[in-house]
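Asker:
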Amino acid sequence: MKYIISVTIILISLISCKSSISKAEIDKKARQIREAIKKEAEKKRKAQETINKALTTMPENKEIKKAKDARKKQLLKQILQFNNTDMRFYYKDPLP
3 MKYIISVTII LISLISCKSS ISKAEIDKKA RQIREAIKKE AEKKRKAQET INKALTTMPE
63 NKEIKKAKDA RKKQLLKQIL QFNNTDMRFY YKDPLP
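In this note's numbering, the protein residues as written are 3 to 98.
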């Protein structure tokens, strides 16, 4: 919207200041401005898509989920084993 207003103002100023400018030249300038606006909108759209991709998580397939669950179980077992062996030292009767 901001660009449309600026394009209109530019075109009006061109027409009022230089009456020697042909309609083809005015159309050419307007086309260039429209192309610049389209490029800017495309950049913004691509940036937004990149942000959205970064924020969304990938859906997990069954194999990845199984591997993660297996790894969690393995780590949990290791932690429990470590805690159990650690606790044995704390609760063991001291040597006389």
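Heads up, the beta-carbon is just placed ideally off N, CA and C, and yes, glycines get one too.
Just the C-alpha distance for residue 65 and residue 82, rounded to the nearest angstrom, thanks.
Answerer: 26 Å
Asker: Using the Cα positions of residue 31 and residue 55, report the straight-line distance between them to the nearest angstrom.
Answerer: 36 Å
Asker: Are the CB atoms of residue 28 and residue 9 nearer to each other than 8 Å?
Answerer: No, these two residues do not count as a Cβ contact at 8 Å.
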